[in-house]
Amino acid sequence: MESTNIAAQKEQVQSIWKKRPLIISGPCSAETEEQTVDTAIRLHKTGKVDVLRAGIWKPRTRPGSFEGIGTKGLPWLQAAKKATGLLTAVEVATPKQAEDALHFGVDILWVGARTTVNPFSVQDLADALRGVDVPVLIKNPINPDLELWMGAVERIDRAGIKDIGLIHRGFASYGNSEYRNAPMWHLAIEMKRRYPELLFINDPSHICGKRDNLLEVAQKAIDLDYDGLIIESHIDPDKAWSDAKQQVTPERLGELLDEIVWRKENVPTVDHAALEKYRQQINHLDDELLQILSQRMKVADKIGAYKKDNGLTILQTSRWNDILDKAIIKGEKQGLSKEFITKYFDAIHMESIAHQNKIMND
Ligand code: PEP
Ligand code: MN
1 MESTNIAAQK EQVQSIWKKR PLIISGPCSA ETEEQTVDTA IRLHKTGKVD VLRAGIWKPR
61 TRPGSFEGIG TKGLPWLQAA KKATGLLTAV EVATPKQAED ALHFGVDILW VGARTTVNPF
121 SVQDLADALR GVDVPVLIKN PINPDLELWM GAVERIDRAG IKDIGLIHRG FASYGNSEYR
181 NAPMWHLAIE MKRRYPELLF INDPSHICGK RDNLLEVAQK AIDLDYDGLI IESHIDPDKA
241 WSDAKQQVTP ERLGELLDEI VWRKENVPTV DHAALEKYRQ QINHLDDELL QILSQRMKVA
301 DKIGAYKKDN GLTILQTSRW NDILDKAIIK GEKQGLSKEF ITKYFDAIHM ESIAHQNKIM
361 ND
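In terms of the working numbering, the sequence shown opens at residue 1 and continues consecutively.
Okay, here's the thing in structure tokens:
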């Protein structure tokens with residue numbers, strides 16, 4: 001490539017990297033040149049997609065399934081880019097793959113969930129990328145371990161990569177049937193809190209594993225202020241060579257993106273008077289809750305003193321079960337979930353025991 005072309009490419013990558021929402025889509029795997037280029041053309045037509053993704057090397061759980069087309073698919077991505085102007089992104093897991101992807105002008109690399117789990121592999125990749133100016137997206141590791149995810153970020157960062165992004169693709173959890181990979185939103189939110197400066201993308205396709213609830217997961221991510229989405233699309237999803245159940249056509253992707261309500265954390269032109277009123281109400285209610293909780297603990301102190309005087313134990317399991325059962329029934333009638341009531345009363349119970357303990361041992 002001529003140096004002016006390289007400069008123009010870098011500029012395009014920089015401007016797309018800053019675009020919000022950043023939308024990445026494309027097939028789980030590049031299968032043929034026609035499929036790759038057609039997907040790109042149809043995605044481009046929606047006017048909503050910034051980057052074409054396509055798996056070239058596929059890490060598969062069991063041998064024998066389609067493991068990716070390999071290096072010969074990289075020129076297809078170049079052709080797709082030439083036809084549409086879309087940037088391209090590929091998963092790389094080894095130094096050789098990274099080298100090949102860069103050789104064929106891939107714009108963005110991503111580290112897959114099965115690679116993030118392995119510090120040796122991430123370090124090999126980081127060493128191969130030292131001194132290269134290419135954005136790298138890092139998927140969360142398969143297992144719910146933020147330290148491992150952070151470790152991968154640190155390794156890539158120390159290799160001098162300036163543009164690092166995170167992809168939340170959910171975590172393996174045994175026996176979970178609703179999702180292919182449980183989102184465990186609290187972990188992703190914690191990661192986002194630890195790295196507020198990094199691009200943060202959600203991958204509804206690998207969280208859901210099926211088409212049904214892509215919209216619901218994507219909406220939740222946008223409501224949580226993610227910077228963008230990566231969603232798999234295919235010209236003929238049911239016939240895809242990998243991840244057929246979770247892919248959608250480019251046109252369906254366009255509709256799905258239209259169905260999302262794009263809320264912003266701050267919309268300066270909108271008057272927030274009504275929201276402000278609700279927030280005041282919430283503040284008053286929270287104050288009342290604190291007062292009531294404090295009163296409740298004062299009664300617990302009295303109970304502690306009584307039990308101490310009469311030689312009774314603090315924990316009286318049957319009494320507590322009774323309180324909890326009644327609270328769940330009453331709470332559910334008032335629109336509070338059993339899960340919430342149980343967590344809330346457990347917390348109250350622990351605090352109450354702590355108060356009684358203090359009184360009894362003073
Ligand atoms: C993919 O994006 O197709 C992929 C293999 O994802 P993950 O690494 O999240 O499993
Ligand atoms: Mn996939």
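The beta carbon of each residue, even a glycine, is placed where N, CA and C say it ideally should be.
This structure is a prediction, so every number in the text was calculated from the model and none was measured.
Unbroken alpha helix (DSSP H) run spanning residue i, endpoints
i    : result
R155 : L146 to R158
I201 : Segment L199 to N202 is the beta strand (DSSP E) holding I201; no alpha helix (DSSP H) there.
T84  : L74 to T84
H284 : A273 to N310
I359 : K338 to N361
G254 : P250 to E259
S15  : S3 to K18
E31  : Segment: none, E31 is in no alpha helix (DSSP H) and carries neither H nor E.
R193 : W185 to R194
Limits of the beta strand (DSSP E) - the one that residue i falls within
i    : result
K139 : V136 to K139
G331 : Here G331 belongs to no beta strand (DSSP E); instead the alpha helix (DSSP H) covers T317 to K333.
H168 : I164 to H168
L224 : From DSSP, L224 is part of no beta strand (DSSP E); its letter is neither H nor E.
I24  : L22 to G26
Where residue i falls, given that 16 or more other Cβ within 10 Å makes a residue buried
i    : result
V90  : buried
R155 : buried
R158 : exposed
S65  : exposed
F340 : exposed
S337 : exposed
G304 : buried
G160 : exposed
Y226 : buried
N181 : buried
V49  : buried
I235 : buried
I6   : exposed
L290 : exposed
P63  : exposed
G311 : exposed
I366 : In this structure the chain extends from 1 to 362, so residue 366 is not present and cannot be described.
G335 : exposed
P22  : With the sequence shown as reference, residue 22 is identified as Leu, and Pro is not the correct amino acid for it. By the neighbour-count rule (16 or more Cβ atoms within 10 Å), L22 is buried.
V92  : buried
A240 : buried
8 Å Cβ cutoff met for residue i and residue j
i    : j    : result
I167 : I222 : no
G209 : I24  : no
E259 : Q246 : no
I314 : I353 : yes
A128 : W76  : no
V217 : P237 : no
V261 : Q295 : no
L253 : L43  : yes
K308 : M360 : yes
V122 : A152 : yes
I142 : A113 : yes
R115 : N140 : The identity of residue 115 in the sequence shown is Thr, whereas the question assumes Arg. No, the Cβ-Cβ distance between T115 and N140 is not below 8 Å.
V136 : V111 : yes
G73  : T39  : no
K81  : G68  : no
L109 : A126 : no
M184 : P144 : yes
L199 : W17  : yes
V13  : D107 : yes
L257 : V248 : no
E197 : L146 : no
I56  : G70  : yes
I138 : A83  : no
A79  : E33  : yes
CB-CB length for residue i against residue j, believed under 8 Å
i    : j    : result
W85  : R53  : As written in the sequence, residue 85 is Gly, which differs from the Trp given in the question. 15 Å between Cβ atoms; not a contact.
I207 : Y179 : 6 Å
C28  : D243 : 4 Å
D363 : H355 : Examination of residue 363 is not possible in this model, given that the chain is present from 1 through 362 alone.
M150 : R194 : 7 Å
Handout entry: Whole beta strand (DSSP E) elements within the segment 44-132, 3-residue minimum
Key = 51-53, 87-91 and 108-111
Problem - Closer than 5 Å to ligand 3: residues, by C-beta to nearest heavy atom, in chain order - result: This structure simply doesn't include ligand 3; it includes ligand 1 and ligand 2 instead.
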